[in-house]
Ligand SMILES: *Cc1c(COP(=O)(O)O)cnc(C)c1O
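Residue numbers (the working numbering): 7 to 432.
If you want it as structure tokens, here you go:
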């Protein structure tokens, strides 16, 4: 075993890892476009954009250059009573891309904190209005991060069993479908009429990532947002995974007629370079905290809030997002995914195959039901690694969410490996 792996085993605790049976991690030594290079010199195709974060490829020279310039100018700065150009410019440009109702940007450090901020902003809004609304509605299967607020609005499952009693009560409603949408609307209306304690509704728009790339229709979400708006319920779109072109549009909200009041961003925000979260909000939320009364202040912040280096990575990534070339790539990936889906949608080994924009998911038939702990995940991951492709299945659900710089040829290799895998299933 190399010194690195030896010391890894001695000193490091890896996230989401079944410690007793974990196989040795693979040491990555370099990133290059859509590939990682490991310590043995293997070139591994990154089929999942690292942890769904990378947009333009690893070690993109343009972003690396911009970040390195920022590091010699202003690496970190306290963000209360002080400001700096990267944070201001980024806020302005994000607002220009976000739906029209968004008007202020609040910075934090990651997806979970972007969600935490959204929940607290909502509660602060009602508190400042002298109303004691405290309850949230969320979707079944939801994943909104690993902090306590994020866990609370998330599904109750193996991720948070140990903390269950400490999570606050949330009303979980089914993911809307053609069959259940009328029932959900009725149930919601009944709640809104009979209870006066609902503060907000949080959802992953169109794609529930960690649930297994579960997809649902924009028209149904529009109906839910609309009914919330009519009843003065704050709506929060957690676009941590869906933002920045993943679904084929800049934001998943761009598919909607009714836009969320609050939007959470992270993952692709910095192109996968630096940790950063953003919570944007409509003007009325911000205005509720503008008061002569000091106790109506939104008391939230992080040591690294609006870190200039992170902001510079996000600005450079946005520059690339604004290139026509990037959108051509997003279309190419989306079209190739769709072709693959059409070809295999009736495959006997698949429960389902689905796709939206650059996200493609295959749900395999296995002896066990569809579940995060389904043992199929290890076999799938091992098979693809033997083909030098990195995937991280969610149980029996295999998905691809590649960096936008991936070429047609590289994608076709991924599909070929997938077809071979499907053919070999007994
Ligand atoms: C990943 C994710 C989060 C949590 O983000 P972290 O940066 O891992 O804290 C929250 N919401 C959604 C939808 C996510 O996909």
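C-beta atoms are modelled at their ideal positions from N, C-alpha and C, and glycine is treated no differently.
So the alpha helix (DSSP H) residue i belongs to, where does it begin and stop?
{"i": "residue 404", "result": "Here residue 404 belongs to no alpha helix (DSSP H); instead the beta strand (DSSP E) covers 403-406."}
{"i": "residue 5", "result": "Limits of the chain in this structure are 7 at one end and 432 at the other, which puts residue 5 out of reach."}
{"i": "residue 38", "result": "No alpha helix (DSSP H) holds residue 38; the beta strand (DSSP E) holding it covers 34-38."}
{"i": "residue 96", "result": "91-103"}
{"i": "residue 9", "result": "9-17"}
Grab the span of the beta strand (DSSP E) containing residue i for me, first residue to last.
{"i": "residue 109", "result": "108-114"}
{"i": "residue 217", "result": "Note, residue 217: premise wrong, no beta strand (DSSP E); not H, not E."}
{"i": "residue 287", "result": "283-288"}
{"i": "residue 122", "result": "Looking at the DSSP string, residue 122 is not in any beta strand (DSSP E); the run it does join, the alpha helix (DSSP H), is 117-134."}
{"i": "residue 315", "result": "Here residue 315 belongs to no beta strand (DSSP E); instead the alpha helix (DSSP H) covers 314-327."}
{"i": "residue 176", "result": "176-179"}
{"i": "residue 271", "result": "268-271"}
{"i": "residue 242", "result": "240-244"}
{"i": "residue 41", "result": "41-44"}
{"i": "residue 154", "result": "Run containing residue 154: none in the beta strand (DSSP E); it sits in the alpha helix (DSSP H), 154-159."}
{"i": "residue 4", "result": "Because the chain spans 7 through 432 in this model, residue 4 falls outside it and cannot be assessed."}
{"i": "residue 143", "result": "141-145"}
{"i": "residue 52", "result": "49-52"}
Cβ of residue i versus every heavy atom of ligand 1: is any distance shorter than 6 Å?
{"i": "residue 244", "result": "yes"}
{"i": "residue 221", "result": "no"}
{"i": "residue 146", "result": "no"}
{"i": "residue 249", "result": "no"}
{"i": "residue 122", "result": "no"}
{"i": "residue 107", "result": "no"}
{"i": "residue 178", "result": "no"}
{"i": "residue 39", "result": "no"}
{"i": "residue 116", "result": "yes"}
{"i": "residue 160", "result": "no"}
{"i": "residue 215", "result": "yes"}
{"i": "residue 150", "result": "yes"}
{"i": "residue 272", "result": "yes"}
{"i": "residue 33", "result": "no"}
{"i": "residue 210", "result": "yes"}
I believe residue i touches residue j by the beta-carbon criterion, under 8 Å. Please report the beta-carbon distance rounded to the nearest angstrom.
{"i": "residue 268", "j": "residue 124", "result": "5 Å"}
{"i": "residue 421", "j": "residue 339", "result": "Residue 421 to residue 339, Cβ: 11 Å. No contact."}
{"i": "residue 484", "j": "residue 399", "result": "The question about residue 484 has no answer here: the residues shown for the chain are numbered 7 through 432."}
{"i": "residue 407", "j": "residue 365", "result": "5 Å"}
{"i": "residue 146", "j": "residue 179", "result": "7 Å"}
{"i": "residue 257", "j": "residue 104", "result": "7 Å"}
{"i": "residue 117", "j": "residue 254", "result": "Not a contact, Cβ separation roughly 21 Å."}
{"i": "residue 37", "j": "residue 64", "result": "3 Å"}
The stretch 367-380 contacting the stretch 217-225, beta-carbon criterion three pairs below 8 Å: yes
Every unbroken beta strand (DSSP E) inside the stretch 343-425 [3 residues or more]: List check, beta strand (DSSP E) in window: 356-362, 365-370, 403-406.
The stretch 284-292 / the stretch 31-45 touching (three or more Cβ pairs under 8 Å): As far as the Cβ criterion goes, the stretch 284-292 does not touch the stretch 31-45, which means the pair count is below three.
Inter-stretch contact at 8 Å, needing at least 3 Cβ pairs: the stretch 254-264 / the stretch 275-287: no
Completely contained beta strand (DSSP E) runs for the stretch 184-229, where each covers 3 or more residues: 204-209
At least 3 beta-carbon pairs within less than 8 Å: the stretch 183-191 vs the stretch 235-245: no
The stretch 90-108 / the stretch 165-172 touching (three or more Cβ pairs under 8 Å): no
The stretch 81-89 touching the stretch 316-323, judged by at least three CB pairs closer than 8 Å: Segments in contact, no.
Three or more C-beta pairs below 8 Å linking the stretch 43-52 and the stretch 386-397: yes
Sufficient close CB pairs (3 or more, under 8 Å) joining the stretch 189-197 to the stretch 225-234: yes
Cβ contact check for the stretch 326-340 and the stretch 150-161: 3 or more pairs under 8 Å: no
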